[in-house]
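Notes for the one structure printed next.
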Amino acid sequence: FKERDFLAATDHGLRERALIELHQKLSAVYDAQGQAQEAEHYAALATTAFDARLAAGADDPATRYYVAAIHARRGDVARTVEHLQPALARYPLFTAWRLERDPDFARVRTDPAFIERVGASASHDLRRSGVL
Numbered sequence: 108f109k110e111r112d113f114l115a116a117t118d119h120g121l122r123e124r125a126l127i128e129l130h131q132k133l134s135a136v137y138d139a140q141g142q143a144q145e146a147e148h149y150a151a152l153a154t155t156a157f158d159a160r161l162a163a164g165a166d167d168p169a170t171r172y173y174v175a176a177i178h179a180r181r182g183d184v185a186r187t188v189e190h191l192q193p194a195l196a197r198y199p200l201f202t203a204w205r206l207e208r209d210p211d212f213a214r215v216r217t218d219p220a221f222i223e224r225v226g227a228s229a230s231h232d233l234r235r236s237g238v239l
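Numbering of the sequence shown is given in my numbering, commencing with residue 108 and proceeding in unit increments.
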């Protein structure tokens, strides 16, 4: 994984955030291939790095979106919604647009609790803006 090795060795302001996204995406790929153990390994790397960022006072909606995607792939609606809230609050239209297309949210997208807490407002934002 050249990209991961490059990010790990680079002193860049968004390095930790980029590694969280990379690990989330690797987790999603392994999950899609049915390799649950590898998927969970990369999900754990992402969530551990996220927890370290929070402990250091670094919290942002974009990183929360990727953490929400990890929980969505696990089918954990409550944790998905918890981590989506900052992204929906800061970037409502973009986040709503992504949620309708992002395969990482497929397991929760039709869940009644997810629709009630996220889906209805996201679709409303898109319709109101003329995107839908």
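Think of the CB as a built atom: it goes at the ideal place given N, C-alpha and C, for glycine as much as any other residue.
Counting only runs of 3+ residues, no beta strand (DSSP E) is found wholly inside the segment 125-204. Residue state for Asp218 is assigned as coil, using DSSP reduced to three classes. The shortest CA-to-CA distance from Phe201 to any of Pro168, Ala146, Ala125 is the one to Pro168.
In the displayed model, Glu123 falls within a helix according to three-state DSSP. Nearest to Ala176 by alpha-carbon distance, out of Asp166, Pro210, Leu161, is Pro210.
Contact between Thr170 and Arg124 holds: their C-beta atoms lie close to 5 angstroms from each other, under 8 angstroms. Assigned with DSSP and collapsed to three states, Glu223 falls in helix.
For Ala196 and His190, the gap between their C-alpha atoms comes out near 11 angstroms. In terms of Cα proximity to Asp158, the closest of Val174, Ala143, Pro199, Gln140 is Val174.
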